[in-house]
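Take a look at the structure below.
Residue numbers (our numbering): 1 to 207.
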């Protein structure tokens, strides 16, 4: 992750560097990205780049982490707005997410993040330790979910439901980013699969 010198910069300067990095990582995958382009767009000396980051991978991981945190915050807000209704929050979140990827730069950035992340980078994105930048958001969303509304019998069932929802989101997002399905097809498939889950949970509650 970035060095302390990066966080000591004025917020406007940090945002300028992040914007230049996002532009470059949207243009090409990590392996092809040019530090020279980033420092030119950010208007910083090349030497300064290495005062802020270890290397190109370090900056890329920071941008990926910012993207993940943004999604966590957005999803947490959805759950709170829906008064703990997990499924409604997931439906609205996914629709907003796909719409966000409607612009070419946003879609390319997301695609290149997916393509470029190695296992080490992915592990740093998962909030499994207290120092993780998304840990607060992860705890907040877990606390905001109204589990009674789901009618699940155990923690094990909740974990399996979470895996099912994550699987749907990841699969459809991957298909959309790789131009296998259109935005409209993605939303249609998502709605169909969420309806099956909703009906399944409701039938359990009435039996």
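Every residue, glycine too, gets a C-beta built ideally from N, C-alpha and C.
C-beta atoms of residue 20 and residue 41 nearer than 8 Å: yes
Sufficient close CB pairs (3 or more, under 8 Å) joining the segment 94 to 101 to the segment 55 to 65: no
Can you tell me where the alpha helix (DSSP H) with residue 31 in it begins and where it stops? Note, residue 31: premise wrong, no alpha helix (DSSP H); not H, not E.
What ranges does the alpha helix (DSSP H) occupy inside the segment 158 to 204, keeping only unbroken runs of at least 4 residues that lie completely in it? none
Where the alpha helix (DSSP H) containing residue 63 begins and where it ends: 56 to 81
Spatial distance of residue 191 from residue 57 (CA atoms): 37 Å
Report the rounded CA-to-CA distance for residue 167 versus residue 160, giving the unit in angstroms. 10 Å
How many angstroms separate the CA atom of residue 178 from the CA atom of residue 54? 31 Å
Measure the alpha-carbon distance for residue 176 versus residue 201 and round it to whole angstroms. 27 Å
Helix, strand or coil, according to DSSP, for residue 258 in the structure here? What the structure shows of the chain is the stretch from 1 to 207, and residue 258 is not part of that stretch, so it cannot be assessed.
Please report how far the alpha carbon of residue 8 lies from the alpha carbon of residue 52, in whole angstroms. Residue 8 and residue 52 have their C-alpha atoms spaced approximately 10 Å apart.
Cutoff 6 Å; reference residue 24; Cβ partners in own chain excluding five residues on either side: Contacts found: 33, 37 and 38.
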